[in-house]
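Participant: Residue numbers 36 to 110, in the working numbering, belong to the letters of the sequence shown in order.
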Amino acid sequence: MNQLTKQPLKLYVWSDVLSDYSGGIAFALATDVREAKRLLIKAGVPENRWKGTKLDGTQARVCKTKNAFYCWGGG
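1. Are the CB atoms of residue 44 and residue 63 nearer to each other than 7 angstroms?
2. In this structure, how does DSSP classify residue 80 when only helix, strand and coil are distinguished?
3. In whole angstroms, what is the alpha-carbon distance linking residue 52 and residue 101?
4. Consult DSSP for residue 64 and reduce its assignment to one of helix, strand or coil.
5. Hey, how far is the Cα of residue 60 from the Cα of residue 41?
6. What's the C-alpha gap between residue 94 and residue 71?
7. Would you list the one or two residues that DSSP bridges to residue 46?
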């Protein structure tokens, strides 16, 4: 639980985004998707790189319980 808001934290994961040669991954631990996106901007992800990607909408994998996933690297 987030001590300030008493809301549970969730892991928001966007895969196949922020691409150069191959798809990247972005993730944030937050209480909601809006906060997750604000945290990504604060971390240095330029918002103009989101246009036309899954980050543009709200499609994210939301992990509320134990979970595992991976993203292969490429070049």
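Backbone N, C-alpha and C define an ideal beta-carbon position, used for all residues, glycine too.
Facilitator: According to the structure data:
1. no
2. coil
3. 23 angstroms
4. strand
5. 28 angstroms
6. 12 angstroms
7. 64 and 98
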